[in-house]
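Note sheet for the following structure.
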Amino acid sequence: MERHYNWAWVEGAVSAAIADWNNCAGAQEDRGPWFNLREQEGREAVYDSALLAVERDAKRARLGPRERQEAHRRVVAIFPRFASIALGLEDEAVHLLTDGFLPVGTQFAQWARRFDSDLSIGDTIQACRNAWTVCGIQPLLGDVMQMTPAIIGYSLLYPYSDNYLDSEKIPKQRKLEFSGRFRDRLCGLDVDARDRNESAVWAMVRLIEDQFPRTRFPRVFESLLAIHQAQEDSMAQLNRGRAVSEAELLRLSCAKGGTSVLADACLSHGFLNDEEARFAFEWGVLLQLGDDLQDVQDDLKHGAATLFSRAAAKRIPLDSLVRQLLAFSENVADQIERLPHGEPALKRLLRTSWRSLILMAVARSHRYFTSEFLAECERGSSFRFGFLRARHKRLAGRRGLYKLLFESFLQFEDVDLTHLPSPENWMQSICDPHFTPDFSRAASFRA
709 MERHYNWAWV EGAVSAAIAD WNNCAGAQED RGPWFNLREQ EGREAVYDSA
759 LLAVERDAKR ARLGPRERQE AHRRVVAIFP RFASIALGLE DEAVHLLTDG
809 FLPVGTQFAQ WARRFDSDLS IGDTIQACRN AWTVCGIQPL LGDVMQMTPA
859 IIGYSLLYPY SDNYLDSEKI PKQRKLEFSG RFRDRLCGLD VDARDRNESA
909 VWAMVRLIED QFPRTRFPRV FESLLAIHQA QEDSMAQLNR GRAVSEAELL
959 RLSCAKGGTS VLADACLSHG FLNDEEARFA FEWGVLLQLG DDLQDVQDDL
1009 KHGAATLFSR AAAKRIPLDS LVRQLLAFSE NVADQIERLP HGEPALKRLL
1059 RTSWRSLILM AVARSHRYFT SEFLAECERG SSFRFGFLRA RHKRLAGRRG
1109 LYKLLFESFL QFEDVDLTHL PSPENWMQSI CDPHFTPDFS RAASFRA
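For the sequence shown, our numbering assigns the number 709 to the initial residue and increments by one for each residue that follows.
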């Protein structure tokens, strides 16, 4: 019997994820690798060398088109050595990054900038991270890794919808109205956009509809409505602040994160079997809990409640929660091994990346942990925690590595987007009722 991703299904998936999370409570053994000081220092030296080279080539790229292309080529050429030595990745994983994730990231960044030249580098990075998640799912479901209209549409919903709802400049009533109108549009209703932001959101939904017609792929739109419902529930419940119990905070994080990657998987393949749906949901739970850990300082500052910020506010060390998160990460990674598709190198890369993100968050939020736990975690990190903190500003700042890489992506002119709808005309297709968009270039993605 085919599953429907209605709210009853989501509640069942949340309960299963919470049970798995609770089973990880009290975890002590860390299954990850260990690094000595010499190994960490060697990786740090390679990291700094790569960062300096990227910064140098980014400056050269401003000189002209020829210099931009040459700089982009050098930046991409730097990456294999950086990934293999600094990150400790095997050759197959490096190949996945250089020949898979980097090219689709370039296509995404170029399409997004040509669609909306006002889109910031930060918003592009945020959206591309989700696009990379979907592209990572594709091989696990037996598909070729590639950028598609639906991936672009769903990933760009993040800066246009989430950032709108998170903005302190937008009145609460306006946000509620937008959320309701957005839900109607996801249901397939004909809703006229009332401003530029809604026009962009509607345009992204149109990209998804073109690749996955509603009558043939209803699960895609059920998953989109599920993540929308989870976000609405989270907004409504968290407005209650201290009235929200820790059990409810966990439920909200599981629902929001799980439905997000469930939608990623549906937009990758169109439909899922039970095993694929459960894996995608728990992957999303893992990523959401990781984000909650990463954002603990900002959440405390703004009064946002999560499992991690609630414990930190009570001055409870986060040691046990992070042990639980690391164990949960390993359990999700074990699930990936049971999927019949996907190269072993990809599965190992995902396992490594999830662990690394958690350890990086621990390094940044070190004040919320005991010194004994920090020392233990640092031995499992490729880089010393002090190094990670010192480089964080360069990574996330105005001239950080991510921004330099994406500026390189945006400046590189030899990018083939002919298999995707024209970004320059896509907004016009929504705003002008007399304009007939050209869907022919996206036809190959239709199942």
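For every residue, glycine included, the Cβ atom is placed at its ideal position computed from N, Cα and C. Note that the coordinates shown come from a computational prediction; the quantities given were computed from them, not determined experimentally.
How is residue i classed by DSSP in three states: helix, strand or coil?
i: Phe979; result: coil
i: Arg1106; result: In this prediction, Arg1106 has a pLDDT of 45, which is less than 50 and means its spatial position is unreliable; nothing more can be read from the coordinates.
i: Cys895; result: coil
i: Ile1024; result: coil
i: Phe987; result: helix
i: Leu1125; result: coil
i: Leu1158; result: Nothing in the structure corresponds to residue 1158, since the chain is present only between 709 and 1155.
i: Asp1078; result: Looking at the sequence provided, one finds Thr at residue 1078 rather than Asp. Looking at Thr1078 - three-state DSSP - the assignment turns out to be coil, as it is neither helix nor strand.
i: Ala716; result: helix
i: Arg889; result: helix
i: Gly808; result: helix
i: Phe790; result: helix
i: Thr814; result: helix
i: Gln736; result: coil
i: Glu1038; result: helix
i: Ala973; result: helix
i: Ile1066; result: helix
i: Arg1099; result: helix
i: Trp742; result: coil
i: Leu759; result: helix
i: Lys1055; result: helix
i: Phe1016; result: helix
i: Leu995; result: helix
i: Ala901; result: coil
i: Pro1131; result: helix
i: Ile878; result: coil
i: Asp1003; result: coil
i: Ser1061; result: helix
i: Glu798; result: coil
i: Gly1011; result: coil
i: Arg1072; result: helix
i: Arg1092; result: coil
Excluding sequence positions up to five away, which residues of its chain have a Cβ less than 7 Å from the Cβ of residue i?
i: Ala820; result: Leu827, Thr832, Ala835, Leu864
i: Glu1086; result: Arg1092, Phe1093
i: Lys964; result: Ala938, Gln939, Ser942, Gln996
i: Glu1132; result: Arg822
i: Pro741; result: Gly1088
i: Asn866; result: Per the sequence shown, the amino acid found at residue 866 is Tyr instead of Asn. Result list for Tyr866: Gln834, Ala835, Asn838, in chain order.
i: Lys880; result: none
i: Pro788; result: Val802, Thr806
Using a Cβ-Cβ cutoff of less than 6 Å, which residues in the same chain neighbour residue i once the five nearest sequence positions on both sides are dropped?
i: Lys883; result: Leu873
i: Ala908; result: Tyr868
i: Ala761; result: Ile786
i: Gly896; result: Arg922
i: Gly813; result: Cys836
i: Glu990; result: Ala725, Val1040
i: Val899; result: Arg889, Asp892, Arg893
i: Ala801; result: Ala1053, Leu1057
Which residues in the same chain have their Cβ closer than 8 Å to the Cβ of residue i, if we skip the five residues on either side of it in sequence?
i: Arg1106; result: Note that Arg1106 scores a pLDDT of 45, beneath 50, so its modelled location is shaky; the value from the coordinates is reported in the next line. Cβ neighbours of Arg1106 beyond the five flanking positions: none.
i: Ala735; result: Arg1031, Gln1032, Leu1034, Ala1035
i: Gln748; result: Ser1089, Ser1090, Phe1091, Arg1092, Phe1095
i: Leu1015; result: Glu954, Leu957, Leu958, Ser961, Leu997, Asp1000, Leu1029
i: His1142; result: Since pLDDT at His1142 reaches only 48, below the 50 mark, its modelled position is unreliable, and the value read off the structure follows with that caveat. Within the same chain, His1142 has no close Cβ partners at all.
i: Arg1018; result: Glu954, Leu957
i: Glu1045; result: Lys1055
Please report the Cβ distance between residue i and residue j, rounded to the nearest whole angstrom; I am assuming they are in contact, meaning their Cβ atoms lie under 8 Å.
i: His1010; j: Leu849; result: Rounded, the Cβ-Cβ distance is 37 Å, inconsistent with contact.
i: Ala988; j: Val969; result: 5 Å
i: Ala1013; j: Val952; result: 6 Å
i: Met853; j: Gln815; result: 11 Å between Cβ atoms; not a contact.
i: Phe979; j: Arg927; result: 5 Å
i: Ala1098; j: Glu798; result: At roughly 28 Å, the Cβ-Cβ gap does not stay under 8 Å, so Ala1098 and Glu798 are not in contact.
i: Asp765; j: Val783; result: 5 Å
i: Pro1129; j: Leu932; result: No, Pro1129 and Leu932 are not in contact; Cβ-Cβ is about 19 Å, not under 8 Å.
i: Asp1027; j: Thr1078; result: 6 Å
i: Asp851; j: His977; result: 6 Å
i: Leu1125; j: Gln818; result: 6 Å
Would you say residue i lies against chain D (beta-carbon separation less than 7 Å)?
i: Ser723; result: No chain D appears in the structure shown, which is made up of a single protein chain.
Next item on the list: Would you list, in sequence order, the uninterrupted beta strand (DSSP E) runs of no fewer than 3 residues that lie entirely inside the segment 823-875?
Entry: none
Notebook entry, point to check: Is it true that the segment 1006-1026 meets the segment 801-819, where meeting means three or more beta-carbon pairs spaced less than 8 Å apart?
Noted result: no
Check: Quick check: the segment 995-1002 against the segment 1030-1040, are there 3 or more CB pairs under 8 Å?
Finding: yes
Notebook entry, point to check: Looking at C-beta atoms only, is the number of pairs between the segment 1001-1016 and the segment 1058-1077 that lie closer than 8 Å three or more?
Noted result: As far as the Cβ criterion goes, the segment 1001-1016 touches the segment 1058-1077, which means the pair count is three or higher.
Notebook entry, point to check: Taking only runs of the alpha helix (DSSP H) that begin and end inside the segment 909-963, which ones reach a length of at least 4 residues, in chain order?
Noted result: 926-946
Item checked: Contact the segment 754-765 vs the segment 968-981: 3+ CB pairs below 8 Å -> no
Item checked: Stretch-stretch touch, CB-based, cutoff 8 Å, three pairs: the segment 912-929 with the segment 953-960 -> no
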